[in-house]
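Scroll down for the structure; my scribbles are underneath it.
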Amino acid sequence: MTVINPIEEAEALADKLSGLDLAGRLSFVAGLGGRVVFTTSLGIEDQVISAEIGTHRLPIDVVTLQTGRLFPETLALIDETESQYDIHITRYEPEQADIDAYAAKYGMNGFYESVEARHACCGMRKLKPLARALAGATIWITGLRRGQSANRAETPFAEYDAERHLLKVNPLADWDIEKIKSFVADNSVPVNPLHARGYPSIGCEPCTRAIKPGEPERAGRWWWEQDEKRECGLHVAEEAAAIAVQQ
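Each residue of the sequence shown is one higher than the one before, starting from 4 at the first, in my numbering.
Quick look at the structure:
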């Protein structure tokens, strides 16, 4: 796909996608040409997208960031999802040299000690593998929703990612959690059993806890930090992106 004015192209794409259902959104994006990549964290939203990709046999590369610190339940769900939908989920892992360098500087669990150390861990376990996963991609599909957190309340259907020079598509932007759950139930979509144990948002095991009644969906991520808009840097430009480049 030739991008002349990427920002205007993203706005036009967002307008087009707003009038389609999920299958239509994914099919339309898959037909735009170039390499289309969906990054799944195996959360309930991402499982809905994987189900549609597999069910409709869409030419979209499905990838995940196997950080080395995922819950066993998440790892098992990767295999289950591949089997149920006859798709291949490519795993992108951190480099051992980066893991060793991080441990030498901060300690293996140094992310609890400072925001800098946590961002550095996300950088080497997520951001650097993500860069490899998106190499050569023209479109990046995510499971971002406006209802996930205050930081994501304005999530568009499509936007231009200037850092990675591609179009980023968020086909579930307008879906709330109840619609997600209804789709999962109606279509027998496999989901992480941790969701039923109070984990609406699931990342690396050391950095994720169950949420308390009334807390936002992502309150269990990096819960020891005070910033209510905390992110890992995958979807928000922040210090993590700069730190990742330095690793």
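No residue lacks a Cβ here, since even glycine has one placed at the ideal position from N, Cα and C.
CB of residue i within 8 Å of CB of residue j, strictly
i, j, result
"residue 142", "residue 39", "yes"
"residue 2", "residue 84", "Limits of the chain in this structure are 4 at one end and 250 at the other, which puts residue 2 out of reach."
"residue 51", "residue 183", "yes"
"residue 154", "residue 54", "no"
"residue 31", "residue 20", "yes"
"residue 127", "residue 101", "yes"
"residue 81", "residue 29", "no"
"residue 161", "residue 17", "yes"
"residue 197", "residue 9", "no"
First through last residue of the beta strand (DSSP E) which encompasses residue i
i, result
"residue 149", "No beta strand (DSSP E) contains residue 149, which DSSP labels as neither H nor E."
"residue 32", "Not the beta strand (DSSP E): residue 32 falls in the alpha helix (DSSP H), residues 25 to 33."
"residue 41", "38 to 42"
"residue 167", "Looking at the DSSP string, residue 167 is not in any beta strand (DSSP E), and its letter there is neither H nor E."
"residue 140", "140 to 144"
"residue 95", "92 to 95"
"residue 68", "64 to 68"
Selected residue, minimal CA-CA separation from residue i, among the options
i, options, result
"residue 122", "15, 12, 224", "224"
"residue 88", "60, 107, 112", "60"
"residue 11", "28, 98, 164, 178", "164"
"residue 148", "33, 174, 25", "174"
"residue 2", "212, 26, 57", "In the structure as shown, the chain starts at 4 and stops at 250, and residue 2 therefore has no counterpart that could be examined."
"residue 167", "188, 130, 75, 214", "130"
"residue 217", "202, 227, 159", "202"
"residue 124", "106, 25, 134", "106"
"residue 207", "112, 157, 24", "112"
"residue 180", "228, 160, 213, 220", "220"
"residue 42", "69, 118, 34, 228", "69"
"residue 35", "188, 109, 172", "172"
Distance between residue j and residue i (C-alpha atoms, nearest Å)
i, j, result
"residue 73", "residue 49", "16 Å"
"residue 95", "residue 145", "16 Å"
"residue 151", "residue 47", "12 Å"
"residue 200", "residue 210", "16 Å"
"residue 114", "residue 120", "5 Å"
"residue 244", "residue 137", "Note that residue 244 has pLDDT 40, beneath the 50 cutoff, so the model's placement of it is unreliable and the number below is only indicative. Whole-angstrom Cα-Cα distance: 15 Å."
"residue 91", "residue 79", "14 Å"
"residue 226", "residue 133", "23 Å"
"residue 23", "residue 229", "38 Å"
"residue 27", "residue 212", "35 Å"
"residue 156", "residue 71", "30 Å"
"residue 176", "residue 159", "6 Å"
"residue 14", "residue 185", "29 Å"
"residue 117", "residue 109", "9 Å"
"residue 25", "residue 178", "10 Å"
"residue 222", "residue 214", "6 Å"
"residue 75", "residue 33", "31 Å"
Residue i - containing alpha helix (DSSP H), residue span
i, result
"residue 215", "Careful: residue 215 lies outside any alpha helix (DSSP H) and carries neither H nor E."
"residue 18", "9 to 21"
"residue 78", "75 to 88"
"residue 58", "47 to 58"
"residue 185", "180 to 190"
"residue 124", "118 to 125"
"residue 205", "Element bounds for residue 205: n/a, residue is neither H nor E."
"residue 3", "This structure does not reach residue 3, given that the chain is present from 4 up to 250, and the question cannot be answered."
"residue 131", "131 to 136"
"residue 156", "Note, residue 156: premise wrong, no alpha helix (DSSP H); not H, not E."
Whole-number beta carbon distance between residue j and residue i, since they are thought to touch under 8 Å
i, j, result
"residue 77", "residue 195", "6 Å"
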